[in-house]
Amino acid sequence: MSDRMTDRMSDRMTDRVTDRMTDRVTEQAGHRLMVEILLVEDNPSDVLLTQIAMRECKIANRLQVAPDGEAALAFLRRTGPEAVRPDLVLLDLNLPRMDGRELLRELKSDSALRSIPVVVLTTSDAESDVLRSYDLHANAYITKPLDMEQFVRVVKGIDEFWFGIVRLPRRTPAG
Numbered sequence: 020m021s022d023r024m025t026d027r028m029s030d031r032m033t034d035r036v037t038d039r040m041t042d043r044v045t046e047q048a049g050h051r052l053m054v055e056i057l058l059v060e061d062n063p064s065d066v067l068l069t070q071i072a073m074r075e076c077k078i079a080n081r082l083q084v085a086p087d088g089e090a091a092l093a094f095l096r097r098t099g100p101e102a103v104r105p106d107l108v109l110l111d112l113n114l115p116r117m118d119g120r121e122l123l124r125e126l127k128s129d130s131a132l133r134s135i136p137v138v139v140l141t142t143s144d145a146e147s148d149v150l151r152s153y154d155l156h157a158n159a160y161i162t163k164p165l166d167m168e169q170f171v172r173v174v175k176g177i178d179e180f181w182f183g184i185v186r187l188p189r190r191t192p193a194g
């Protein structure tokens, strides 16, 4: 391995450690960065369950809700100072107007939106939905548990993985 490559790897590792240390210091000071989440869900009960689960997991978030794919796309394509790009999209597949599969195809074909991670969170456990979602470049597929305690565990797992383990792109203003 060349010295130049070693230096680049060392610089990347230093950047990651610095970013994680900054995040930890910010979190320890009680100022965990606010997580921006877009929940695309048409069922008001599931929206409420998600809000309750996030509160129970103490996820510092601003949850925006879109009841269908068209509303989600309009939200994501907004511009200006009020437009906020989410850190993560939680997507139900079975939606009115534009369903989750169509929205996923639109998001992943749009160069301005494709880097936003999309977690399919749906009641469908059909293998065809799983395969199609990954073919459309979903970042994860989770079948919604019917039990509240299990649902809270799923939401906690999403939080730990997406906001604790992986490194997401720095948030930039929309538009």
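Read in my numbering, the sequence shown has 47 at position 28, and its numbers run on one by one without any break.
Built from N, CA and C at the ideal position, the CB exists for glycine as well.
Note that this is a predicted model, so its numbers are computed, not measured.
Over the uninterrupted beta strand (DSSP E) stretch that includes residue i, give me the two end residues.
{"i": "Leu203", "result": "One cannot answer for residue 203 here, as it falls past the ends of the chain, which runs 20 to 194."}
{"i": "Thr98", "result": "Per DSSP, Thr98 belongs to no beta strand (DSSP E) and is neither H nor E."}
{"i": "Val185", "result": "First-last for Val185: undefined, no H or E at that position."}
{"i": "Leu107", "result": "Leu107 to Leu110"}
{"i": "Thr142", "result": "Thr142 -> no beta strand (DSSP E), and no H or E assigned at all."}
{"i": "Arg81", "result": "Asn80 to Ala85"}
Taking the alpha-carbon positions, what's the residue i to residue j distance?
{"i": "Val185", "j": "Thr141", "result": "22 Å"}
{"i": "Asp34", "j": "Arg104", "result": "Confidence at Asp34 is low in this model, with a pLDDT of 46, below 50, so the placement of that residue is unreliable and no value is reported for it."}
{"i": "Leu2", "j": "Met167", "result": "Examination of residue 2 is not possible in this model, given that the chain is present from 20 through 194 alone."}
{"i": "Ile56", "j": "Leu150", "result": "24 Å"}
{"i": "Gly183", "j": "Arg189", "result": "14 Å"}
{"i": "Thr162", "j": "Pro100", "result": "35 Å"}
{"i": "Pro115", "j": "Ser64", "result": "16 Å"}
{"i": "Asn62", "j": "Ala79", "result": "23 Å"}
{"i": "Asn158", "j": "Leu187", "result": "12 Å"}
Quick test of your reading: residue i and residue j, contact by CB under 8 Å. State the CB separation rounded to the nearest angstrom.
{"i": "Val171", "j": "Cys76", "result": "6 Å"}
{"i": "Ser278", "j": "Val139", "result": "Here the chain covers residues 20 to 194 and nothing more, so residue 278 does not appear."}
Enumerate in chain order the residues of its own chain whose CB-to-CB distance from residue i is below 6 Å, with the five nearest sequence positions on each side excluded.
{"i": "Glu60", "result": "Val66 and Asp111"}
{"i": "Pro86", "result": "Asp61"}
{"i": "Ala72", "result": "Phe170, Val171 and Val174"}
{"i": "Phe180", "result": "none"}
{"i": "Leu107", "result": "Ile56, Pro136 and Trp181"}
{"i": "Gln89", "result": "The sequence given here places Glu at residue 89; Gln does not occur at that position. If we look at Glu89 and ignore the five residues flanking it on each side, its Cβ neighbours are Arg116 and Met117."}
{"i": "Tyr3", "result": "Residue numbering for the chain in the displayed model covers 20 to 194; residue 3 lies beyond these limits and cannot be assessed."}
{"i": "Leu109", "result": "Leu58, Val138 and Leu140"}
Below 8 Å between beta carbons: does that hold for residue i and residue j?
{"i": "Met117", "j": "Arg81", "result": "no"}
{"i": "Leu122", "j": "Arg133", "result": "no"}
{"i": "Asn113", "j": "Ser147", "result": "no"}
{"i": "Arg124", "j": "Leu95", "result": "no"}
Please report the residue range of the alpha helix (DSSP H) in which residue i lies.
{"i": "Thr162", "result": "No alpha helix (DSSP H) contains Thr162, which is instead part of the beta strand (DSSP E) from Ala159 to Thr162."}
{"i": "Thr69", "result": "Pro63 to Glu75"}
{"i": "Leu132", "result": "No alpha helix (DSSP H) holds Leu132; DSSP gives it neither H nor E."}
{"i": "Arg151", "result": "Glu146 to Asp154"}
Short of 8 Å in beta carbon distance, which residues of its chain neighbour residue i, apart from the five on each side in sequence? Order them along the chain.
{"i": "Val70", "result": "Checking the sequence, you will find Gln at residue 70 rather than Val. Excluding sequence neighbours, Gln70 sits near Leu82."}
Considering only residues of the same chain and omitting the five flanking positions on each side of residue i, which have a CB-CB separation below 7 Å?
{"i": "Val84", "result": "Leu58, Glu60 and Val66"}
{"i": "Ala91", "result": "Leu57, Val59, Ala85 and Leu122"}
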